[in-house]
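**Q** One structure, pasted below without further comment.
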Amino acid sequence: MEIGLRLDVLDDEGLWNTGRIVDIDSSADEMVEIAYDGWGSEFNEWINVDAGRLAPLHMFTIVKKCWAKLNKWPWWPAFVVLRAPTKDSAVQSLDLETKVYVEFNDADDEKKRSRCWMQRKNVVSFQDGFDERASKNIGKQFPKFVESTQRAAASDTPLLFTGAGTLAIEFSSKFPLPLEKQRARIGDEQWFQAYRVFSERYPVLYGFQDSLDPSAGSTRQDDASDDEVDILEHREAFLGMATRSGHSRGCGRGFSCD
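Residue numbering for the sequence shown follows UniProt numbering, starting at 1 and increasing by one per position.
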């Protein structure tokens, strides 16, 4: 564990979010301070690494390519993070929540990118109306960001939700495999290696680095070299989902663009 590491974080509502480590307790290395993506610093938490609330980046959450639109701005290439529920009450929170967390592909510098919570209606699949949206004459930088989004390793599957909320279709009938089972399947050593490997894939997933560039490394976890980690591709983590019965609050802690 190190400062700056990006990872999945389980909040007190039972939802997997994305976040990063912003501090480490010098007197107890197993305690790390987590900043949730899209939430103010007042919601930072100190979490024990063995508390069952931390996982490698996108082990449970999903990142997809999309188009997003701010008021008075054109549709812009972006990436949307889909939170993963772990229990029925978390599903109910997503059923009621209408906003999703979006990272716009509007800068080559990670620190300069625009990120915020947006109404679901203003975020659509990347392939929806692609030819029309991608051909807009918005400025000389626009085609570059469209192309880098195309090349990004994030999922380009359709962005679909169940009902009027933000419960992703991937979680409409099943939960992700519980953390303890996922960790057991991967093994403790590779689980902790995956924190670094998955975090380092952030530039490839989010279009900072060309996924076709050999220097970027593999775009699949299961193709990773032996000295890194030999585990499942992040989307394959959902093949072992546990069926849930029945059919959750939302992003009220975060910042909104609209």
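All C-beta atoms in this analysis are idealised placements derived from N, C-alpha and C, irrespective of residue type, glycine included.
State the CB to CB distance for the pair Ser114 and Asp106, rounded to an integer number of angstroms; the pair is presumed to be in contact (CB under 8 angstroms).
**A** Indeed they touch by this definition, with Cβ atoms about 5 angstroms apart.
**Q** Taking only the alpha-carbon atoms, compute the straight-line gap between Gly19 and Ser155 and give it to the nearest angstrom.
**A** Near 19 angstroms, if we compare the C-alpha coordinates of Ser155 and Gly19.
**Q** Short of 6 angstroms in beta carbon distance, which residues of its chain neighbour Ala237, apart from the five on each side in sequence? Order them along the chain.
**A** Caution applies to Ala237, whose pLDDT of 42 falls short of 50 and renders its modelled position unreliable; the model cannot decide the point.
**Q** Leaving aside the five residues before and after Ala216 along the sequence, list all residues of the same chain whose C-beta is less than 7 angstroms from its C-beta, in chain order.
**A** Legend: pLDDT at Ala216 = 43, less than 50; position of this residue unreliable, no value from coordinates given.
**Q** Assign Gln119 to one of three DSSP states: helix, strand, or coil.
**A** Gln119 falls in the strand class under three-state DSSP.
**Q** Give me, in chain order, the residues of the same chain whose beta-carbon lies closer than 7 angstroms to that of Leu179; leave out the 5 immediate sequence neighbours on both sides.
**A** Around Leu179: Gly52, Ala55.
**Q** For Ile24, which of Gln119, Glu13, Lys136, Val49 has the nearest alpha-carbon?
**A** With distances taken between Cα atoms, Ile24 lies closest to Val49.
**Q** Starting from Glu45, follow the beta strand (DSSP E) in both directions and report where the run begins and ends.
**A** Where Glu45 is concerned, the enclosing beta strand (DSSP E) stretches over 45-48.
**Q** DSSP three-state label for Gly158, please.
**A** First, the residue type needs correcting, since residue 158 is Pro and not Gly in the sequence shown. Of the three classes helix, strand and coil, the one that applies to Pro158 here is coil, per DSSP.
**Q** Per DSSP, Met31 forms a beta bridge with which residues?
**A** Paired residue(s): Asn48.
**Q** Taking the beta carbon of Ala184 as the centre, do at least 16 other beta carbons fall within 10 Å, making it buried, or is it exposed?
**A** Classification of Ala184: exposed, given that the 10 Å Cβ count is below 16.
**Q** CA-CA distance, Gly77 and Gly40?
**A** Per the sequence shown, the amino acid found at residue 77 is Pro instead of Gly. When rounded, the distance between both Cα atoms is 25 angstroms.
**Q** For Asp12, count the other beta carbons within 10 Å of its own beta carbon; 16 or more makes it buried, fewer makes it exposed. Which is it?
**A** Exposed.
**Q** As a quick exercise: from Gly207, Val100, Ile34, pick the residue whose alpha carbon is nearest that of Ala168.
**A** Selected option, being the one with the closest Cα: Val100.
**Q** Along the chain, where does the beta strand (DSSP E) that runs through Trp75 open and close?
**A** Neither: Trp75 is in no beta strand (DSSP E) and is coded neither H nor E.
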